[in-house]
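Count along the sequence shown starting at 1, add 293, and that's the number in our numbering.
Beta carbons are placed, not taken as given, at the ideal position from N, Cα and C, and that holds for glycine.
Note sheet for the following structure.
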Amino acid sequence: MSDKYENPTSDDYMSVVMGIIMSGGNAKGLAFQAIQQAKSGDFEAAQASLTEAGEQLREAHDVQTDLLTRLAQGEKIGWNLYMVHAQDHLMNAITFKDLAVELVDQEKRLQTLENK
Numbered sequence: 294m295s296d297k298y299e300n301p302t303s304d305d306y307m308s309v310v311m312g313i314i315m316s317g318g319n320a321k322g323l324a325f326q327a328i329q330q331a332k333s334g335d336f337e338a339a340q341a342s343l344t345e346a347g348e349q350l351r352e353a354h355d356v357q358t359d360l361l362t363r364l365a366q367g368e369k370i371g372w373n374l375y376m377v378h379a380q381d382h383l384m385n386a387i388t389f390k391d392l393a394v395e396l397v398d399q400e401k402r403l404q405t406l407e408n409k
């Protein structure tokens, strides 16, 4: 085992942390975009934004799963405030995307009722 993530100040470690933060931020932004698109009645674009948000979250989750697997296999993983922040960012993005799915659906139902 390489223990390349043992040092929380290494380039490899910070690359992983920043990847999680960036993917989470991108996903949250796309989910917010989907809500705005739904409010303007563009449900096809909203769905595309939600799909893309899901892809961003999968990327971040894959990195997280890799780290957890390495940890379970005995590799030393350093933890610091950056990693805590990255994990927090990811979990908030997941929650926001889940809520965005519900809001887009709700907006679609409301606009359908208004157009009857």
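Between Ala-346 and the set Val-356, Ser-316, Glu-395, Leu-361, the nearest pair of CA atoms involves Ser-316. If you check the CB distance, Ile-313 and Gln-357 come in under 8 Å.
By the Cβ neighbour-count rule, Leu-383 is buried, with 16 or more other Cβ atoms within 10 Å of its own. A contact between stretches requires three or more CB pairs, one per stretch, nearer than 8 Å, and the region 322 to 342 meets this requirement with the region 393 to 405.
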